[in-house]
Structures are given as C-alpha cells and as structure tokens.
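92 is the number of the first residue of the sequence shown in my numbering; add one for each residue after it. Shown next, in structure tokens, is the structure this report addresses.
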Amino acid sequence: MAGSYTISKEPRYEWRVGDEFWEDRERCEVVGGVVDVTIDVLKRGVGKVELGVEIEGEVTMPCDRCLGDCTLPVRWREEVEFEVIGGEVDLEQYIYESIILGLPLVKVHRDRGDCDPEVLKHLAVDL
Ligand SMILES: [Zn+2]
Numbered sequence: 092m093a094g095s096y097t098i099s100k101e102p103r104y105e106w107r108v109g110d111e112f113w114e115d116r117e118r119c120e121v122v123g124g125v126v127d128v129t130i131d132v133l134k135r136g137v138g139k140v141e142l143g144v145e146i147e148g149e150v151t152m153p154c155d156r157c158l159g160d161c162t163l164p165v166r167w168r169e170e171v172e173f174e175v176i177g178g179e180v181d182l183e184q185y186i187y188e189s190i191i192l193g194l195p196l197v198k199v200h201r202d203r204g205d206c207d208p209e210v211l212k213h214l215a216v217d218l
C-alpha cells in the first residue's frame with residue numbers, strides 16, 4: 092500500500108483500498124472494506140501539488156447500537172494541497188482519515204431489524 096502513492100506525470104490516479112489496509116491499525120474500529128480512491132492532479136507547484144480527491148466505498152465496523160458488524164457507506168470529496176517530498180506524496184494517512192471522516196455520523200445498522208436482537212433486549216438506552 093505505502094509507496095504506491097507516487098504522483099508523477101499522470102493526471103489521474105485510481106487505487107482500490109482493500110481489507111489489508113485495515114490490518115494492524117491501532118485504535119481503528121474498521122475491520123474491513125473496499126474503498127475506491129480517485130485522485131485528480133489539479134495543479135502542480137514547486138514542492139507541492141493540488142489534488143482533487145474522491146473516495147467512495149463501504150467499510151465494515153461494529154454497530155454503535157448492537158456491536159455486531161455493520162457495513163457503512165463511505166463518501167468523501169475534497170480538494171487539498173499536499174507537500175511533495177522526493178517526488179512523492181504521502182497519502183496513506185490522509186486516505187485513512189478521509190475514509191473515517193466520510194463515514195455516516197451515526198454508525199449503526201441502517202435497518203434496525205439487522206441489529207442483534209439479543210443485544211437490543213438488554214439495551215437500557217434506546218439509540
Ligand atoms: Zn446493529
């Protein structure tokens with residue numbers, strides 16, 4: 092994954108972030124998911140580059156209501172300037188944070204019927 096984010100002369104880059112992206116990430120609740128990342132090079136400057144970033148996909152993480160795995164949509168769009176170091180742009184941390192920011196605010200099964208009924212029975216607070 093790392094090292095593949097070399098921005099050269101191409102105007103557009105596409106990557107698919109897979110399950111392995113989520114392995115070995117500390118304090119990260121996401122257990123897996125496939126997310127497509129599209130990067131358009133908007134402007135090239137000295138030591139910097141302006142990128143149009145589009146992120147779309149789905150990740151799996153614990154539901155805030157029942158703690159079972161739920162699949163959540165991810166959507167993120169942004170234009171952002173990056174520092175270019177040695178001809179490369181380090182996007183891994185940025186992509187990770189953007190996926191987290193692109194998640195819905197309420198991380199629960201969209202359909203309440205998909206939640207674990209055993210857990211819901213014991214819930215004191217109705218989320
Ligand atoms: Zn649930």
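Where is the CB? At the ideal position from N, CA and C, for every residue including glycine. Please read all numbers here as calculations on a predicted model, not as lab measurements.
query                                                                                                                : result
Rounded C-alpha distance that separates residue 138 from residue 98                                                  : 12 Å
Helix, strand or coil at residue 95 according to DSSP, with G and I counted as helix                                 : Any reading at residue 95 must be qualified, since the residue scores a pLDDT of 48, below 50, and its modelled position is unreliable; no value is offered.
Cβ-Cβ distance between residue 153 and residue 120 below 8 Å                                                         : yes
CA-to-CA distance, residue 161 to residue 189, given in whole angstroms                                              : 19 Å
Secondary structure, beta strand (DSSP E): runs of 3+ residues fully inside the region 104 to 148                    : 123 to 136
Own chain partners of residue 195 with C-beta closer than 8 Å, once the 5 adjacent residues on each side are dropped : 163 and 164
Residue 118 versus 213, 191 and 129, residue with shortest Cα-Cα distance                                            : 191
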